[in-house]
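Colleague:
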Amino acid sequence: MSKVKHSRFDCTPGCSVEAAIGLLDGKWKSIILWHLLSDKVLRFSELRKKIPTVTQKVLTRQLRELEEDKIILRKVYAQIPPKVEYSLSDVGISLTPILIALKEWGDNHIDLYGKTI
Numbered sequence: 387m388s389k390v391k392h393s394r395f396d397c398t399p400g401c402s403v404e405a406a407i408g409l410l411d412g413k414w415k416s417i418i419l420w421h422l423l424s425d426k427v428l429r430f431s432e433l434r435k436k437i438p439t440v441t442q443k444v445l446t447r448q449l450r451e452l453e454e455d456k457i458i459l460r461k462v463y464a465q466i467p468p469k470v471e472y473s474l475s476d477v478g479i480s481l482t483p484i485l486i487a488l489k490e491w492g493d494n495h496i497d498l499y500g501k502t503i
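Add 386 to a position in the sequence shown, counting from 1, and you land on the number used in the numbering used here.
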């Protein structure tokens with residue numbers, strides 16, 4: 387008999403929005419996804435270079451959460467030194483229009499918040 391998987395989201399009206407935002411919640415997750423969308427495949431060290439202000443611990447945690455949620459794929463190569471690559475899964479690729487819309491919104495409104503691109 388299989389165990390019933392409980393949702394971490396309380397399904398009330400707006401549940402799907404809460405679920406979607408919950409999966410992307412994390413200071414660096416959307417940035418990680420943007421870089422994987424742009425570059426297709428990246429190693430941990432490459433992500434660190436692209437996001438220099440993220441700590442190794444936080445980047446590791448965010449990548450693990452995205453992998454657990456099946457948004458990214460982690461491919462480990464059996465070699466020395468170890469080689470690990472990250473890429474978007476099909477679920478992650480389905481976020482493409484959302485990530486592009488967020489970038490466009492940011493490009494159009496960044497000046498409201500005193501930031502420059």
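For every residue, glycine included, the Cβ atom is placed at its ideal position computed from N, Cα and C.
Would you mind reading off the limits of the alpha helix (DSSP H) that contains leucine 498?
Modeller: As a working mapping, residue 498 is identified with position 112 in the sequence shown. Premise fails: leucine 498 is in no alpha helix (DSSP H) and is neither H nor E.
Colleague: How far does the beta strand (DSSP E) with serine 332 in it extend, from its first residue to its last?
Modeller: Because residue 332 is not part of the residues shown, which for the chain are 387 to 503, the question remains open.
Colleague: Report all residues from its chain with a CB closer than 7 Å to the CB of leucine 452; omit the five preceding and five following residues, and keep chain order.
Modeller: Position 66 of the sequence shown holds residue 452. Only Lys415, Ile418 and Ile458 meet the Cβ criterion.
Colleague: Considering only the beta carbon of each residue, do leucine 423 and leucine 488 sit closer than 7 Å?
Modeller: Translated into positions along the sequence shown, residue 423 becomes position 37. Translated into positions along the sequence shown, residue 488 becomes position 102. Going by C-beta atoms, leucine 423 is not nearer than 7 Å to leucine 488.
Colleague: Does alanine 487 come out as helix, strand or coil in the three-state DSSP assignment?
Modeller: Here the question's residue 487 lines up with position 101 in the sequence shown. The answer is helix: DSSP assigns alanine 487 an H, G or I state.
Colleague: Identify whether isoleucine 466 lies in helix, strand or coil by the three-state DSSP scheme.
Modeller: Counting from one through the sequence shown, the residue named residue 466 turns up at place 80. Residue state, collapsed to three classes: coil.
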